[in-house]
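Q:
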Amino acid sequence: MTDTISAWGGELDPPQHVLRVDVNALNYCAYDLATTTEERLEGYLAVPNTLESAYIDIYALHDKKRIIEAVGHAGVLGRGLERPPIVMSLCLTIREGLTWLVAGYEDGSVQAWTMSMSDAHPTTELCWSLRPHKESVMALTLTPDHQAVVSVGADQRLVRITLNLHPAVDTFSLPRPGNASVAVRADQQISAVGGWDGGVRIVSQTKKLLATLLYHKQGIGSVAFIRRNLVNTLTIAEMDSDEEDSRIVPAHLLAVGAKDGRVSLWDTPFTVADVTPALRAP
1 MTDTISAWGG ELDPPQHVLR VDVNALNYCA YDLATTTEER LEGYLAVPNT
51 LESAYIDIYA LHDKKRIIEA VGHAGVLGRG LERPPIVMSL CLTIREGLTW
101 LVAGYEDGSV QAWTMSMSDA HPTTELCWSL RPHKESVMAL TLTPDHQAVV
151 SVGADQRLVR ITLNLHPAVD TFSLPRPGNA SVAVRADQQI SAVGGWDGGV
201 RIVSQTKKLL ATLLYHKQGI GSVAFIRRNL VNTLTIAEMD SDEEDSRIVP
251 AHLLAVGAKD GRVSLWDTPF TVADVTPALR AP
């Protein structure tokens with residue numbers, strides 16, 4: 001069975017459909033992509049393998065061709081596993097000319113590869129394999145500077161791992177197990193963790209629980225901070241003037257999506273000095 005990944009570019013109204021890639025739909029893991037230029041859609045797409053969700057395929061965006069197949073297969077064979085753990089989350093980034101692929105797995109492990117993207121023979125090299133979680137990894141995200149990944153899982157752990165050959169691992173224990181999404185604010189001072197219980201925990205980089213955001217009645221599926229210095233043009237209906245009010249949108253705005261079908265927007269100007277047990281939406 002296949003599903004489709006699509007991408008749009010150009011103006012928001014109307015959008016321009018620029019890419020379509022057919023992928024395997026029978027897996028939990030979402031895709032990730034890394035672009036090499038902002039002017040056009042060039043770069044790489046990482047998705048679970050077409051036949052086995054324990055492995056990863058890499059596609060080139062410009063021609064939609066698979067250039068690396070079944071990343072992780074050699075490691076599974078080396079460990080002699082009868083049933084390899086499936087991939088749960090992916091991160092892909094191009095940093096300082098080097099392409100990094102990071103995967104979180106069903107067994108709580110996280111693995112990282114570097115990839116050589118030569119036109120003739122693209123290759124991968126396993127840099128490290130860790131098991132920072134006791135339960136399945138549910139989500140991975142890159143820090144805004146792409147120097148580390150942050151993971152959450154079915155257990156209570158929030159884990160930060162640096163992206164280098166000798167990774168440093170930092171772990172924080174969350175109040176409850178069962179966390180499905182994570183995001184890091186642009187200034188990297190705080191992280192937001194979405195839980196199965198419908199709460200969003202705000203954690204500082206110094207490993208303090210700053211607040212719990214309470215509004216949703218069902219599990220949180222996605223959290224996302226706004227991008228830094230995003231310029232948004234707003235038309236204020238209540239204003240007598242027809243002029244548009246252009247503003248710099250604060251980078252501490254947080255969007256939260258949940259299984260209840262609702263999306264909430266939060267102002268999160270938290271600092272390390274702020275510790276608020278619970279905030280409820282009006």
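Each residue of the sequence shown is one higher than the last, beginning at 1 in UniProt numbering. Virtual Cβ for every residue (Gly too), placed ideally from N, Cα, C.
1) For the candidate residues V21, G219, Q189 and A60, whose alpha-carbon lies nearest to that of H252?
2) Which residues mark the beginning and the end of the beta strand (DSSP E) in which G43 is found?
3) Going straight from the alpha carbon of V87 to that of Y55, what length do you get?
4) Is the beta carbon of A180 sitting closer than 9 Å to the one on W196?
5) Using a 10 Å radius around the Cβ and a threshold of 16 neighbouring Cβ atoms, would you call E106 buried or exposed?
6) Rounded to a whole number of angstroms, what is the C-alpha to C-alpha distance between N49 and N24?
7) Report the option in H73, F225, S116 and M117 whose CA atom is closest to the CA atom of P144.
8) Could you tell me the distance, in whole angstroms, from the CA atom of K134 to the CA atom of P15?
9) Assuming contact is defined by CB atoms lying nearer than 9 Å, are S151 and V182 in contact in what I supplied?
10) Do A60 and I67 have their beta-carbon atoms positioned less than 9 Å apart in this structure?
11) Of the choices G194, L130, P85 and G178, whose alpha-carbon is the least far from that of D170?
12) On the criterion of 16 or more Cβ atoms from any shown chain inside 10 Å, does Q147 qualify as buried, or is it exposed?
13) Measuring straight from C-alpha to C-alpha, what distance separates L92 and V71?
14) Out of curiosity, what's the CA-to-CA distance linking R227 and V256?
15) Using 10 angstroms around the beta-carbon of D57, count the other beta-carbons present and answer buried if the total reaches 16, otherwise exposed.
16) Mind checking G153: buried by the 16 CB within 10 Å criterion, or exposed?
17) Helix, strand or coil for H133 per DSSP?
18) By Cβ distance below 6 Å, which residues in the same chain neighbour T123 in space, the five residues on each side in sequence not counted?
19) Quick test of your reading: P175 and L213, contact by CB under 8 Å. State the CB separation rounded to the nearest angstrom.
20) What does a CB cutoff of less than 7 Å around W113 pick up in its chain, not counting 5 residues either side in sequence?
21) Out of Q218, D32 and Y215, which has the shortest C-alpha to C-alpha gap to residue 289?
22) In or out: S118 buried (at least 16 other Cβ within 10 Å) or exposed?
23) With DSSP as the reference, label A74 as helix, strand or coil.
24) For the beta strand (DSSP E) that L210 lies in, which residues bound it at each end?
25) Just mark Y28 as buried or exposed, buried being the case when its beta carbon has 16 or more other beta carbons within 10 Å.
26) Taking all protein chains shown into account, decide if Q218 is buried (16 or more other Cβ within 10 angstroms of its Cβ) or exposed.
27) Compute the Euclidean distance between the alpha carbons of L254 and L265, then round it to the nearest angstrom.
28) Looking only at its chain, what residues have a beta carbon closer than 6 Å to the beta carbon of V47, apart from the 5 residues adjacent to it on each side?
29) Go through its chain and collect everything with a Cβ distance to S241's Cβ below 6 Å, but skip five positions before and after it.
A: Checking against the coordinates, here is how it stands:
1) The sequence position of residue 252 within the sequence shown is 252, counting from 1. It is Q189.
2) Translated into positions along the sequence shown, residue 43 becomes position 43. Per DSSP, G43 belongs to the beta strand (DSSP E) from G43 to P48.
3) Residue 87 sits at position 87 when you count from the first residue of the sequence shown. Residue 55 sits at position 55 when you count from the first residue of the sequence shown. Distance between the alpha carbons of V87 and Y55: 7 Å.
4) For the purposes of this step, residue 180 is identified with residue 180 of the sequence shown, where counting begins at 1. For the purposes of this step, residue 196 is identified with residue 196 of the sequence shown, where counting begins at 1. Less than 9 Å separates the beta-carbon of A180 from that of W196.
5) Locating residue 106 in the sequence shown gives position 106, where the first residue counts as 1. The residue is buried, with at least 16 neighbouring Cβ atoms inside 10 Å.
6) Working through the sequence shown from its first residue, we reach residue 49 at position 49. Working through the sequence shown from its first residue, we reach residue 24 at position 24. Cα to Cα, N49 sits roughly 7 Å from N24.
7) Here residue 144 corresponds to residue number 144 of the sequence shown, with the count starting at 1. The candidate whose alpha carbon is nearest that of P144 is F225.
8) As a first step, residue 134 is located in the sequence shown; it is residue number 134 there, counting from the start. As a first step, residue 15 is located in the sequence shown; it is residue number 15 there, counting from the start. Distance between the alpha carbons of K134 and P15: 43 Å.
9) The count along the sequence shown starts at 1 and reaches residue 151 at position 151. The count along the sequence shown starts at 1 and reaches residue 182 at position 182. Cβ distance < 9 Å, so S151 and V182 count as in contact.
10) Position 67 of the sequence shown, counting from 1, holds the residue named residue 67. Position 60 of the sequence shown, counting from 1, holds the residue named residue 60. At the C-beta level, I67 and A60 come within 9 Å of one another.
11) Counting from 1 along the sequence shown, the entry for residue 170 is found at position 170. It is L130.
12) Translated into positions along the sequence shown, residue 147 becomes position 147. Label assigned to Q147: exposed.
13) Residue 92 sits at position 92 when you count from the first residue of the sequence shown. Residue 71 sits at position 71 when you count from the first residue of the sequence shown. Going from the Cα of L92 to the Cα of V71 covers about 13 Å.
14) One-based indexing of the sequence shown puts residue 227 at position 227. One-based indexing of the sequence shown puts residue 256 at position 256. Approximately 15 Å between the Cα atoms of the pair.
15) Locating residue 57 in the sequence shown gives position 57, where the first residue counts as 1. Buried: at least 16 other Cβ atoms inside 10 Å.
16) For the purposes of this step, residue 153 is taken as residue 153 along the sequence shown, with counting starting at 1. It counts as buried.
17) Walking along the sequence shown from the start, residue 133 turns up at place 133. In this structure, H133 counts as coil in the three-state DSSP scheme.
18) Counting from 1 along the sequence shown, the entry for residue 123 is found at position 123. If we look at T123 and ignore the five residues flanking it on each side, its Cβ neighbours are S116.
19) As a first step, residue 175 is located in the sequence shown; it is residue number 175 there, counting from the start. As a first step, residue 213 is located in the sequence shown; it is residue number 213 there, counting from the start. Taking the Cβ atoms as the reference, P175 lies roughly 13 Å from L213, outside the contact range of under 8 Å.
20) One-based indexing of the sequence shown puts residue 113 at position 113. Excluding residues within five positions, the ones whose Cβ falls inside 7 Å are V71, L101, T124, E125, L126 and C127.
21) Residue 289 is absent from the model: the chain starts at 1 and stops at 282.
22) In the sequence shown, counting from the first residue as 1, residue 118 sits at position 118. Answer is exposed; the Cβ neighbour count stays below 16.
23) For the purposes of this step, residue 74 is identified with residue 74 of the sequence shown, where counting begins at 1. Note: A74 maps to helix in three-state DSSP.
24) On the sequence shown, position 210 is the one that residue 210 refers to. Per DSSP, L210 belongs to the beta strand (DSSP E) from L209 to L214.
25) Sequence index remark: in the sequence shown, residue 28 carries index 28 (1-based). Classification of Y28: exposed, given that the 10 Å Cβ count is below 16.
26) Residue 218 sits at position 218 when you count from the first residue of the sequence shown. By the beta-carbon neighbour count (other beta carbons within 10 angstroms, threshold 16), Q218 is exposed.
27) Here residue 254 refers to the residue found at position 254 when the sequence shown is read from its first residue. Here residue 265 refers to the residue found at position 265 when the sequence shown is read from its first residue. One C-alpha to the other measures close to 6 Å.
28) Taking the first residue of the sequence shown as 1, we reach residue 47 at position 47. Excluding sequence neighbours, V47 sits near V23, Y31 and D57.
29) As a position in the sequence shown, residue 241 is number 241, starting the count at 1. Since pLDDT at S241 reaches only 44, below the 50 mark, its modelled position is unreliable, and no value is offered.
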